[in-house]
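In my numbering, the protein residues as written are 4 to 159. The beta carbon of each residue, even a glycine, is placed where N, CA and C say it ideally should be.
Shown next as structure tokens:
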């Protein structure tokens, strides 16, 4: 079994290394290294790339699952309507939701080998932001399983 993509457009698809077990993958948003070139760095809550900016109340970075829609003006889930959607999340999902834990600055994804998973990174600022860069480090899982960050597709 080859882990090489069959065509160029899949070259940044998330591929599990040969022999890697099915794993629970943890992606630390802290190592995403989000940065805003037009102003102060925005980034990891742990201080690797943007400690100063993350301490400023004007910018926040959080993550959510791929199946929810985030209102670009309010930052609230469009599905955050308990009067209509009783099974959808409500409350403080910027701090904690099924994929995001702000206390750890961590996104946790569950996937089997060769399965695709996705999440959204939400950057909130009081003014329009430009030149935002997101970089991923290696994804790690139990038993030392690892997927190189270069093998993960980023979509804007």
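Within the chosen definition, does the stretch 72 to 84 reach the stretch 105 to 112 through at least 3 CB pairs nearer than 8 Å?
no
Residue range of the unbroken beta strand (DSSP E) whose run includes residue 114
Mapped onto the chain shown, residue 114 falls at position 111. Looking at the DSSP string, the run of the beta strand (DSSP E) that includes residue 114 is 109 to 114.
Pick from 118, 123 and 80 that is closest to residue 65, judged by C-alpha positions:
If you number the chain shown from 1, residue 65 lands on position 62. Among 118, 123 and 80, the Cα nearest to that of residue 65 is on 123.
Pick helix, strand or coil for residue 99, following the three-state DSSP scheme.
Within the chain shown, the letter at position 96 stands for residue 99. Judged by DSSP in its simplified three-state form, residue 99 adopts strand.
Thinking just about the alpha-carbon of each residue, which of 145, 157, 79 and 93 is nearest to the one in residue 114?
Start at 1 with the first residue of the chain shown, and residue 114 comes out as number 111. With distances taken between Cα atoms, residue 114 lies closest to 145.
How many angstroms separate the CA atom of residue 148 from the CA atom of residue 154?
The count along the chain shown starts at 1 and reaches residue 148 at position 145. The count along the chain shown starts at 1 and reaches residue 154 at position 151. Each residue's Cα considered, the two are about 14 Å apart.
In or out: residue 150 buried (at least 16 other Cβ within 10 Å) or exposed?
Counting from one through the chain shown, the residue named residue 150 turns up at place 147. Residue 150 should be labelled buried.
By how many angstroms is the C-alpha of residue 139 removed from the C-alpha of residue 80?
Position 77 of the chain shown holds residue 80. Position 136 of the chain shown holds residue 139. Spanning the two alpha carbons is a distance of roughly 25 Å.
Straight-line gap, residue 137 to residue 67 (C-alpha atoms, nearest Å):
Counting from 1 along the chain shown, the entry for residue 137 is found at position 134. Counting from 1 along the chain shown, the entry for residue 67 is found at position 64. Roughly 15 Å between the two C-alpha positions.
With DSSP as the reference, label residue 146 as helix, strand or coil.
Mapped onto the chain shown, residue 146 falls at position 143. Note: residue 146 maps to helix in three-state DSSP.
When you compare each of 134, 97, 84 and 102 to residue 159 by their alpha carbons, which one comes out closest?
Taking the chain shown and counting its residues from 1, one reaches residue 159 at position 156. Closest by alpha carbon: 134.
Return the CA-CA distance between residue 112 and residue 94, expressed in angstroms with no decimal places.
As a working note, residue 112 is residue 109 in the chain shown. As a working note, residue 94 is residue 91 in the chain shown. Using only the alpha carbons, I get a separation of about 21 Å.
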